[in-house]
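Asks: When we follow our numbering, the leftmost residue of the sequence shown carries the number 26, and every step to the right adds one. Idealized CB from N, CA, C, for every residue including glycine. Treat the numbers as computed from the prediction; the structure is a model and nothing was measured.
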Amino acid sequence: MTPMTTLDYPDHLACVIFLQGCPLRCGYCHNAHMLPPRRSDGSEWQAIRDFLKQRQGLLEAVVFSGGEPTLHSALPAAVCEAKTLGFKVELHTAGPYPTRLLQLLPWLDWVGLDVKGHDRNFDRICGRPGIWQRNRQSLTILRDSGINFECRTTVHWRDFELVDVERLALTLADFGVRRYAIQVARTHECLDPDYNQTMENAQSKNMLPKLIKRLTPYFDRLELRS
Ligand code: SF4
């Protein structure tokens, strides 16, 4: 847990709870220690519950992140509890479990949805088959729910050409995504050591800010994060 941050929940003072375990295997992942799932005896949530009770009126929001938090069947109960304690709730997810996302919707205030790539490229980038359709279902659920959400894509030049970034962004805009963030992947301490080598795709790298400027009119908010 990060006990306090202003960086995750937009304009709110929040804590971030990281849930262990992720079914995906993105080559650029720098959270390898977070990937194996692990069962808790409940004592960790009890400690977090106590922490949240002490922070009522001080913190405004709780962010559930990972790993992949929707992997956990106990997540809806935890999210409901955080909400009942008076906090706003944000979820970070890559959307591999749309049914669980649907279950969580009543308590969520803000969602950051990772979109790893365009259609089948999604599965290549995240190292697992069949995830892009599930992610699309999750995106559809969010779009149709009216909830505040942002799509996010991490760009490693091993996975993307500039044209792929543009195609993905335009597809998302067409689909009704209003907020989008593109983040350039780190090239150290990656899950796949091949991703530690900087792909000197200098042209794409230099052209990215110009592409972002060109894409800006398609969104309410488009950010390039480093
Ligand atoms: S970067 Fe990919 S593998 Fe790593 S935690 Fe996120 S979704 Fe899972």
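By a C-beta neighbour count over all protein chains shown, 10 Å radius and 16 as the cutoff for buried, is His143 buried or exposed?
Replies: buried
Asks: Could you pull the DSSP bridge partners for Arg246 from this structure?
Replies: Arg204
Asks: Please classify Glu186 as buried or exposed, where buried requires at least 16 neighbouring CB atoms within 10 angstroms.
Replies: exposed
Asks: Taking buried to mean at least 16 other C-beta atoms within 10 Å of its own C-beta, is Pro121 buried or exposed?
Replies: Taking every protein chain shown into account, the CB of Pro121 has 16 or more other CB atoms within 10 angstroms, so this residue is buried.
Asks: Could you check whether Cys40 and Arg80 sit closer than 9 Å to each other, using their CB atoms as the reference points?
Replies: yes
Asks: Would Lys141 and Thr165 be called neighbours here (beta carbons separated by less than 9 Å)?
Replies: no
Asks: Would you identify the three-state DSSP class for Asn173, choosing helix, strand or coil?
Replies: strand
Asks: If you drop the 5 nearest sequence neighbours on each side, which residues of the same chain put their C-beta closer than 8 Å to that of Met26?
Replies: Scanning its chain for C-beta atoms nearer than 8 Å, with the 5 sequence neighbours on each side dropped, one finds around Met26 the residues Cys40, Val41, Ile42, Phe43, Ile73 and Phe76, in chain order.
Asks: Taking only heavy atoms of ligand 1 into account, decide whether any of them is closer than 8 Å to the Cβ of Cys105.
Replies: no
Asks: Tell whether a beta-carbon distance below 9 Å holds between Asn173 and Val136.
Replies: yes
Asks: How about Leu49: is its Cβ closer than 8 Å to a heavy atom in ligand 1?
Replies: yes
Asks: Between the stretch 109-129 and the stretch 82-91, are three or more C-beta pairs nearer than 8 Å?
Replies: yes
Asks: Looking at the unbroken beta strand (DSSP E) that takes in Lys113, where does it start and where does it end?
Replies: Where Lys113 is concerned, the enclosing beta strand (DSSP E) stretches over Lys113 to Thr118.
Asks: With distances taken between CB atoms, is the gap from Thr95 to Arg125 smaller than 9 Å?
Replies: yes
Asks: CB of Thr179 to nearest heavy atom of ligand 1: below 8 Å?
Replies: yes
Asks: Specify the secondary structure class of Phe76 as computed by DSSP and reduced to three states.
Replies: helix
Asks: Would the beta-carbon of Cys176 fall within 9 Å of that of Leu197?
Replies: yes
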